[in-house]
Amino acid sequence: MNTMRYVMLMILLSFIVHEGRTKPTAQIHFMGSVVEAGCWNDVGTLEIQCHNKEGVERYILVENIATPISSPHAMVKQDYLDEDKQLTVLRIVYD
């Protein structure tokens, strides 16, 4: 019985050692630019803040509808979650 335990232990250890020596089999090639940090909204405020190269831009929310973003690389998409149009998802889409 002890022999069987040792055999099982050796088999288990060989798998662990083998896993530790694996090498990556694929590569990911990225082309394009890295997207900068996104936008956020602080709870209790009526503004969205977005990072850009020069700093932080602020966009004021008016009557629960976001004003359009003036960035040539981003736009705001608005989707309603209910028929009464009380729940809204605002997505900032980068090109």
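Quick note on our numbering: the sequence shown kicks off at 12 and runs consecutively. From the three backbone atoms N, C-alpha and C, an ideal C-beta is built for every residue, glycine too.
Cα-Cα separation, residue i to residue j
i	j	result
residue 88	residue 19	58 Å
residue 50	residue 60	5 Å
residue 103	residue 64	17 Å
residue 68	residue 92	27 Å
residue 106	residue 86	8 Å
residue 62	residue 82	11 Å
residue 55	residue 80	21 Å
residue 66	residue 95	37 Å
Residues near residue i by beta carbon distance below 6 Å, same chain, minus five either side
i	result
residue 52	59
residue 90	100
Buried or exposed by the 16-neighbour rule on C-beta atoms within 10 Å, applied to residue i
i	result
residue 29	Residue confidence for residue 29 is low, a pLDDT of 47 falling below 50, so the modelled location carries little weight; the figure read from the coordinates is stated next. Answer is exposed; the Cβ neighbour count stays below 16.
7 Å CB neighbourhood of residue i in its chain, flanking five on each side removed
i	result
residue 84	105 and 106
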